[in-house]
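Here's the structure we're looking at; comments come further down.
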Amino acid sequence: MKRMTWIKIHLYLSGISLIFMTLMAFSGSLHLFVGNEKESVKVVREVSIKKDVDKQELEKILKKELESIDSDYSFDYLKGSANSMYTRPTTRDYYSIKVDSDKAVVEKHSPSLIKSFMELHKGHGPRSSRRILGVLGALVIGAVISGLWLGLSSKAFRKVTTLTILSGGVLFFGLFLL
111 MKRMTWIKIH LYLSGISLIF MTLMAFSGSL HLFVGNEKES VKVVREVSIK
161 KDVDKQELEK ILKKELESID SDYSFDYLKG SANSMYTRPT TRDYYSIKVD
211 SDKAVVEKHS PSLIKSFMEL HKGHGPRSSR RILGVLGALV IGAVISGLWL
261 GLSSKAFRKV TTLTILSGGV LFFGLFLL
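Going left to right, the sequence shown walks through residues 111 to 288 as my numbering numbers them.
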């Protein structure tokens with residue numbers, strides 16, 4: 111392939127993935143420097159249950175309670191165990207149920223904007239967003255690889271490209287080994 115074609119590929123991939131990379135860096139920075147991933151939690155209902163419910167029974171209880179609490183509420187799937195369960199996505203208002211001996215407590219969670227960003231960052235958004243984020247991740251990898259190839263194939267940029275790759279690798283493995 112001609113160098114100009116690689117440059118165009120790199121620019122297209124970089125342009126498309128710029129917003130994605132910025133959102134990931136922004137949400138990660140908010141998590142590290144601000145924290146404050148708060149959410150308001152409100153107890154909606156307490157339900158009497160028999161002891162030793164399994165995961166499927168708890169799922170049925172939560173679905174039944176959600177139908178009576180808010181029949182318009184929709185969720186992608188449930189995540190949890192026999193002791194606690196919550197609806198996904200958690201980037202918007204969601205519900206949880208927790209078993210406490212002979213009762214189950216249903217709570218409504220309303221995440222803050224920072225918490226919503228972080229949940230999306232962790233892949234806890236709508237199920238459809240996972241595929242989109244996967245495609246965007248592949249675009250980022252393509253942009254990085256094409257940029258790497260462009261840097262290494264140019265005599266003027268080969269040295270600086272090699273130094274930045276090595277310093278990035280040392281930094282990554284140094285942080286990994288901490």
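Glycine included, each C-beta is placed from N, C-alpha and C at the ideal position.
Q: Report whether the distance from the Cβ of residue 200 to the nearest heavy atom of the ligand SAH is below 7 angstroms.
A: Of the ligands one can find in the structure shown there are none, so the ligand SAH has no counterpart to examine.
Q | Pairwise C-alpha distance: residue 238 and residue 149 | A | Numbered from its first residue, the sequence shown carries residue 149 at position 39. Numbered from its first residue, the sequence shown carries residue 238 at position 128. Residue 149 and residue 238: Cα-Cα distance of roughly 23 angstroms.
Q: Answer yes or no: do residue 216 and residue 154 have a C-beta to C-beta separation smaller than 8 angstroms?
A: Position 106 of the sequence shown, counted from the first residue, corresponds to residue 216. Position 44 of the sequence shown, counted from the first residue, corresponds to residue 154. Contact annotation: residue 216 and residue 154 have beta-carbon atoms nearer than 8 angstroms.
Q) Under the three-state reduction of DSSP, which class applies to residue 192: helix, strand or coil? A) For the purposes of this step, residue 192 is identified with residue 82 of the sequence shown, where counting begins at 1. In the structure shown, residue 192 sits in coil (DSSP, three-state: anything other than H, G, I, E or B).
Q.
Quick check on residue 147: does DSSP put it in helix, strand or coil?
A. The count along the sequence shown starts at 1 and reaches residue 147 at position 37. If DSSP states are grouped into helix, strand and coil, residue 147 belongs with coil.
Q: Report the partner residues of residue 207 according to the DSSP bridge assignment.
A: Locating residue 207 in the sequence shown gives position 97, counting from the first residue. Residue 207 pairs with 195 and 216.
(Q) So, does the region 264-280 touch the region 127-135, judging by three or more C-beta pairs under 8 angstroms? (A) The answer is no - the region 127-135 does not touch the region 264-280, with fewer than three Cβ pairs under 8 angstroms.
(Q) Using the three-state DSSP reduction, which class does residue 155 fall into: helix, strand or coil? (A) By 1-based counting over the sequence shown, the position of residue 155 is 45. It is a strand residue.
Q | Range covered by the alpha helix (DSSP H) that runs through residue 183 | A | Looking up residue 183 in the sequence shown gives position 73. Note, residue 183: premise wrong, no alpha helix (DSSP H); not H, not E.
Q) Looking only at its own chain, which residues have a Cβ that is under 6 angstroms from the Cβ of residue 207, when we skip the five neighbours before and after it? A) Walking along the sequence shown from the start, residue 207 turns up at place 97. The answer, listed in chain order, is 172, 195, 214 and 216.
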